[in-house]
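Engineer:
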Amino acid sequence: MQEPTFLILTALAAQPLHGYGVIRSVDELSAGEVKLRPGTLYGALDRLAEQGLVTVDREEAVEGRLRRYYRLSDAGAAALQAQVERLRRHATAAEVQLGKRFGGALSFGLVRAQAAGEVTG
Amino acid sequence: MTAAWPVHDPGTPSPSTAAWPTADNRLERGYRTLLLAYPRRHRRRHGTEVVTTLLEMAAPGQRRPRVGEALHLIGSGLRLRFRLPAGRPFMAIAAVLTALTIGGFGAAAGSWLGAQTFADLPDEAGMARLTQQAGGDGNIHFLYSSSSWTADTAHSSSQADGTWDADQVRERFAADGWSVSGFTPLTGMSGTVDDSGSPIEVPLHGKRFTAESGGLIVNLMGWNPAENSAVDLPSHVSFYVMPKQTTVFLPLVVVGTAAGLLTGWLVAAAVAYRMAAAPPARRRAAAALWGAALVALALPTVALYGNVMRVFRDGSVHDGPPLTVHSAFTPGEYYPFGPQWLVLGLTVAGLVVAVAAILTARPGEQPPQPSVVPG
Chain A
4 MQEPTFLILT ALAAQPLHGY GVIRSVDELS AGEVKLRPGT LYGALDRLAE QGLVTVDREE
64 AVEGRLRRYY RLSDAGAAAL QAQVERLRRH ATAAEVQLGK RFGGALSFGL VRAQAAGEVT
124 G
Chain B
229 MTAAWPVHDP GTPSPSTAAW PTADNRLERG YRTLLLAYPR RHRRRHGTEV VTTLLEMAAP
289 GQRRPRVGEA LHLIGSGLRL RFRLPAGRPF MAIAAVLTAL TIGGFGAAAG SWLGAQTFAD
349 LPDEAGMARL TQQAGGDGNI HFLYSSSSWT ADTAHSSSQA DGTWDADQVR ERFAADGWSV
409 SGFTPLTGMS GTVDDSGSPI EVPLHGKRFT AESGGLIVNL MGWNPAENSA VDLPSHVSFY
469 VMPKQTTVFL PLVVVGTAAG LLTGWLVAAA VAYRMAAAPP ARRRAAAALW GAALVALALP
529 TVALYGNVMR VFRDGSVHDG PPLTVHSAFT PGEYYPFGPQ WLVLGLTVAG LVVAVAAILT
589 ARPGEQPPQP SVVPG
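Residue numbers (my numbering), protein chains in the order written: chain A, 4 to 124; chain B, 229 to 603.
#1: Check residue 449 of chain B in the structure and name its three-state DSSP category.
#2: Indicate the three-state DSSP secondary structure (helix, strand or coil) for residue 11 of chain A in the structure shown.
#3: Counting only beta-carbon atoms, is residue 504 of chain B nearer than 9 Å to chain A?
#4: For residue 456 of chain B, is the classification buried or exposed, using 16 other Cβ atoms within 10 angstroms of its Cβ as the cut-off for buried?
#5: Buried or exposed for residue 574 of chain B, please, with buried defined as at least 16 other CB atoms from any protein chain shown within 10 angstroms of its CB.
#6: Give the DSSP-derived three-state secondary structure of residue 241 of chain B in the structure shown.
#7: Kindly indicate the opening and closing residues of the alpha helix (DSSP H) around residue 256 of chain B.
#8: Closest Cβ-Cβ distance between residue 18 of chain A and chain B: below 9 Å?
#9: What residue range does the beta strand (DSSP E) around residue 416 of chain B cover?
#10: For the region 474–488 of chain B and the region 496–505 of chain B, state whether three or more C-beta atom pairs, one from each stretch, are separated by less than 8 Å.
#11: What whole-angstrom Cβ distance do residue 280 of chain B and residue 249 of chain B have, given they're in contact under 8 Å?
#12: Of all the options A:17, A:88, A:76 and A:101, which has the alpha carbon lying nearest to the alpha carbon of residue 48 of chain A?
#13: Using 10 angstroms around the beta-carbon of residue 599 of chain B, count the other beta-carbons present and answer buried if the total reaches 16, otherwise exposed.
#14: Cutting at 7 Å between CB atoms, please list the residues of its own chain near residue 624 of chain B, excluding the five before and the five after it.
#15: May I have the straight-line CA-CA distance separating residue 426 of chain B from residue 416 of chain B, to the nearest angstrom?
#16: Going by Cα to Cα distance, which pick from A:43, A:20, A:16 and A:7 is closest to residue 81 of chain A?
#17: If you reduce the DSSP assignment to three classes, tell me which class residue 409 of chain B lands in.
#18: Three or more C-beta pairs closer than 8 Å, one from the region 554–565 of chain B and one from the region 358–373 of chain B: is that the case here?
#19: Could you list the residues in the region 68–87 of chain A with a C-beta less than 7 Å from some C-beta on chain B, going in chain order?
#20: Going by DSSP, what residues sit across from residue 465 of chain B in a beta bridge?
#21: Exposed or buried, residue 352 of chain B, counting other C-beta atoms within 10 Å across all chains shown (16 or more means buried)?
#22: Give the residues from the region 35–57 of chain A that approach chain B closer than 7 Å (Cβ to any Cβ), ordered along the chain.
#23: Counting Cβ pairs closer than 8 Å, one from the region 369–386 of chain B and one from the region 405–415 of chain B, do we hit at least three?
#24: Between the Cα of residue 496 of chain B and the Cα atoms of B:326, B:536 and B:402, which residue gives the shortest distance?
#25: Using DSSP with H/G/I as helix, E/B as strand and the rest coil, what is residue 630 of chain B?
#26: Please classify residue 561 of chain B: does DSSP put it in a helix, a strand, or coil?
#27: Does any residue of chain B have a CB that is nearer than 9 Å to the CB of residue 102 of chain A?
#28: Count the other CB atoms, across all protein chains shown, that sit within 10 Å of the CB of residue 31 of chain A; report buried if there are 16 or more and exposed otherwise.
#29: Within 10 Å of its beta-carbon, does residue 576 of chain B have 16 or more other beta-carbons around it, so buried, or fewer, so exposed?
#30: Can a CB atom of chain B be found closer than 9 Å to the CB of residue 21 of chain A?
#31: Report yes if the C-beta distance between residue 331 of chain B and residue 483 of chain B is below 9 Å; otherwise report no.
#32: Is it buried or exposed, residue 357 of chain B, if we count other Cβ atoms within 10 angstroms and call 16 or more buried?
#33: So, using beta-carbon positions, are residue 434 of chain B and residue 447 of chain B closer together than 9 Å?
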């Protein structure tokens with residue numbers, strides 16, 4: 004699952020949102036790192052609707068303007084949950100690997116600090 | 229009026245209506261024009277809500293789509309045109325086959341366009357003049373021949389007016405502005421009967437040369453009987469005229485093939501979405517028809533790609549008329565089986581069935597769309 008798709012599903016997890024609502028929500032969720040553009044958003048929503056991961060919740064239309072609210076389907080919630088677990092596993096694995104690296108670097112740093120202390124102390 | 233977040237007026241009766249974006253008409257028209265890059269199904273489904281979102285994101289006072297926005301919308305629309313419905317592997321296979329098929333027809337279209345730049349073959353009067361120039365007598369036999377592999381050629385065969393004098397004929401062509409080659413000596417035998425009716429063979433010797441002018445090549449051969457032959461045979465001269473391949477021909481075949489492959493994929497994607505939107509019974513019938521069309525077009529496609537391969541593999545070493553791709557449609561014996569019109573007939577049948585598939589895959593009842601009035 005690509006990052007924009009993951010963030011769109013995440014944005015829709017709590018409540019139904021219309022297109023611009025999704026764009027703002029993704030902006031907030033990613034702390035401004037991911038700025039969805041309308042072409043990307045509606046291409047992704049179309050694909051997610053085809054896959055049955057999102058559905059149209061309701062529509063509001065006024066004088067040539069249309070807001071269509073999308074919500075996560077049960078299949079979408081399951082797909083998002085599966086992706087969350089997958090990312091969590093990968094994040095945990097990455098932390099473990101970094102911990103090993105950090106542990107090695109730390110011990111090396113302590114030895115250097117001790118040596119420095121002996122010289123100056 | 230310019231695009232802006234509307235300022236909430238406490239006097240406005242409906243806060244929800246006040247939250248709708250307003251826009252300069254030019255900006256909205258600009259967005260709607262850019263949406264033409266999207267497939268029609270996507271425009272119908274999302275057009276108004278995409279425009280609403282774009283207007284909500286527009287800067288205050290913005291009157292035209294920004295360049296970045298325009299490129300993004302065009303790029304997104306084109307990408308969607310190439311996209312296939314999700315989770316339908318058979319449609320992906322059908323799309324590949326469709327793209328390859330139409331790619332072959334694109335190569336044929338490029339080849340046909342390229343052949344339009346070839347010089348025209350001489351007409352009847354032109355062939356008569358050339359025959360006279362080649363040393364033939366007034367009794368001309370000529371014909372035009374076509375083939376499933378090459379451009380058309382014109383042939384002439386006649387008795388020489390006396391002994392055929394190769395040097396004189398070549399000088400005549402050179403004096404007339406033709407660029408002539410050196411001679412290639414020829415030897416041969418002619419079977420005939422002597423005065424007593426017994427079959428005999430008469431040795432022949434001759435020469436061949438080519439002459440080129442105005443995009444045409446004449447390949448000319450003349451024969452004289454051996455001087456000490458037992459039977460008095462007339463001399464003979466024959467030639468064929470063919471166009472010379474032009475420099476734009478091969479690039480046009482390449483461009484035609486590429487355009488055909490792209491068009492094929494776009495057609496396949498559009499048909500796939502049309503089928504996906506059709507009710508199950510019609511979808512199955514349309515898929516069967518599409519499969520039948522691909523089967524019918526398989527032999528023509530193989531013939532076209534066979535000619536593409538020959539054009540690029542043998543084009544530079546081939547002595548005869550220029551190899552072409554679209555010549556596969558010429559009635560003939562491209563395949564050693566079936567009628568002469570096999571390739572052309574299967575092409576027409578395949579196209580008819582493909583159109584039937586598209587008509588069969590008409591969409592079913594769509595969910596009601598919100599009744600919005602274009603702004």
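Backbone N, C-alpha and C fix where the C-beta goes; we use that ideal spot for every residue, glycine too.
Structural biologist: Per the coordinate set shown:
#1: strand
#2: helix
#3: yes
#4: exposed
#5: buried
#6: In this prediction, residue 241 of chain B scores a pLDDT of 37, lower than 50, which makes its location untrustworthy; the coordinate-derived value is nonetheless stated afterwards. Three-state DSSP puts residue 241 of chain B in coil, outside helix and strand.
#7: 253–262
#8: no
#9: 412–421
#10: no
#11: 7 Å
#12: A:76
#13: Residue confidence is low: residue 599 of chain B scores 41 on pLDDT, short of 50, so the model does not pin down where it sits. Its coordinate-derived value is still stated next. Burial call: exposed.
#14: Residue 624 of chain B is absent from the model: chain B starts at 229 and stops at 603.
#15: 20 Å
#16: A:16
#17: coil
#18: no
#19: 68, 69, 70 and 71
#20: B:386 and B:450
#21: exposed
#22: 40, 41, 42, 43, 45, 46, 49, 50, 53 and 54
#23: no
#24: B:326
#25: In the structure as shown, chain B starts at 229 and stops at 603, and residue 630 of chain B therefore has no counterpart that could be examined.
#26: coil
#27: no
#28: exposed
#29: exposed
#30: yes
#31: no
#32: exposed
#33: no
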